[in-house]
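For reference, each letter of the sequence shown is one residue, going 79 to 339 in the working numbering.
Heads up, the beta-carbon is just placed ideally off N, CA and C, and yes, glycines get one too.
Predicted, not measured: the structure shown is a model, and the values here were computed from it.
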Amino acid sequence: MGTTCEVTDDGCVHIVVDHLSEELKALVRDRLTEICHGVARAKKASAIYSYKRTLTSFLNRYDTKTAKTKKGMIGELLTHILFVHYFSAYEPVSPNFNLEEGSIKKGFDLVLMNNESNELWFAEVKSGNVTTQTCAQKLGSLLSTAKNGLVENLNDTRETLWMNAINGASVAMTSGSLKNKIESLLEDYAEGAFSNSNCSEDFNALLVAVCYSGGKETASIDDFKTSHSHHLGTNEFAKLISLSIQKNTFQAVENFLRHET
């Protein structure tokens with residue numbers, strides 16, 4: 079698929095994207111609508127949720143953003159595609175698009191349901207170019223930034239953070255007992271924020287570092303595991319998965335998406 083994936087027993091995941099293979103491009107085509115709008119809307123026959131319309135909407139949002147935000151948008155897209163591809167037990171229960179305006183989603187970068195354990199996982203994705211650092215150093219700094227951001231959000235007293243997650247789940251998931259359960263859990267967390275009783279140690283975390291190497295030598299899983307082990311040892315989350323994604327540039331993904339329109 080043009081990618082390699084290595085996994086350790088303690089939750090360290092290391093993915094390198096060597097090139098945009100036809101298989102990887104096909105995954106983007108197959109999943110872009112459900113990533114952006116949610117699974118429930120992706121199943122509808124309406125043309126507004128077609129691949130082409132969704133692609134155009136994504137690029138309209140993308141083109142108004144700064145270079146930093148563009149890197150983040152591509153990083154989140156790669157996270158959606160690659161994590162769910164390699165770990166099929168996880169199902170996104172949040173759309174990538176913001177519901178209220180033509181922008182990107184506010185709040186948690188990604189909320190996932192593990193269909194085997196029935197647990198919710200909250201993701202924070204940080205992306206950036208390698209400049210004067212090595213890839214290993216960049217991945218480490220991105221992972222720390224992701225950890226700090228997620229801890230802050232999970233401990234935050236803002237109900238709006240959780241209302242965005244609830245609204246996202248309501249449109250992303252098809253009706254049924256699982257959807258009701260997820261919404262109920264998120265409502266409990268919103269009440270916890272209101273009463274200032276939420277604590278990051280009660281939540282499962284997916285921390286994602288997306289590094290655009292710019293031709294520099296990619297880091298190894300042993301390099302990344304050092305950063306993962308550090309955050310694992312702080313016990314700031316109930317469970318932790320650290321995911322690294324390395325790719326040469328983010329522009330290759332952008333160019334592919336533009337070519338698809």
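Note down the Cα distance separating Ile319 from Ser278, rounded to an integer number of angstroms.
14 Å
Suppose contacts are defined by Cβ-Cβ distances below 8 Å. Is Ala250 in contact with Ala118 by that definition?
Yes, these two residues count as a Cβ contact at 8 Å.
On the criterion of 16 or more Cβ atoms from any shown chain inside 10 Å, does Ser124 qualify as buried, or is it exposed?
exposed
If you run the structure through DSSP and keep just helix, strand and coil, what is Thr339?
coil
Would you tell me roughly how many angstroms separate the C-alpha atoms of Ser322 and Leu133, rounded to the nearest one?
25 Å
What are the start and end residues of the alpha helix (DSSP H) that includes Thr134?
Note, Thr134: alpha helix (DSSP H), 129-141.
For a test of the three-state rule: what should DSSP assign to Val352, helix, strand or coil?
There is no way to answer for residue 352, as the model of the chain reaches only from 79 to 339.
Tell me whether the beta-carbon of Val95 lies closer than 8 Å to the beta-carbon of Thr81.
Yes.
Just checking my contact of Pro173 with His158 at CB under 8 Å: how many whole Å lie between their CB atoms?
The Cβ separation is near 10 Å, so there is no contact.
Taking Gly270 as the reference, give the member of Lys103, Ala297, Glu237, Val286 with the closest Cα.
Glu237
My understanding is that Leu232 touches Ala287, with C-beta atoms under 8 Å, so please give their C-beta distance in whole angstroms.
Not confirmed; about 18 Å, so no contact.
Can you tell me whether Glu230 is buried or exposed? The criterion is at least 16 other CB atoms within 10 Å of its CB, across all chains shown.
Looking at its Cβ environment, which holds fewer than 16 other Cβ atoms inside 10 Å, Glu230 is exposed.
According to DSSP, what are the bridge partners of Cys289?
Gly206, Gln324
Run of the beta strand (DSSP E) containing Asn226, from where it starts to where it stops
First-last for Asn226: 213-233, but that is the alpha helix (DSSP H), not the beta strand (DSSP E).
So, does the region 245-261 touch the region 206-216, judging by three or more C-beta pairs under 8 Å?
no
Quick test of the definition: if touching needs 3 or more C-beta pairs under 8 Å, does the region 298-316 touch the region 222-229?
yes
With Glu84 as the anchor, note down where its beta strand (DSSP E) starts and where it stops.
81-85
If you follow the alpha helix (DSSP H) that His306 is part of, which residue opens it and which one closes it?
299-311
With DSSP run on the structure shown, which of helix, strand or coil describes Met191?
strand
Asn274 by DSSP, collapsed to three states: which one?
coil
What residues in its chain sit with their C-beta under 6 Å from that of Gly116, if we drop five residues either side in the sequence?
Pro173, Val249, Ala250
His163 - containing alpha helix (DSSP H), residue span:
For His163, the uninterrupted alpha helix (DSSP H) segment begins and ends at 145-164.
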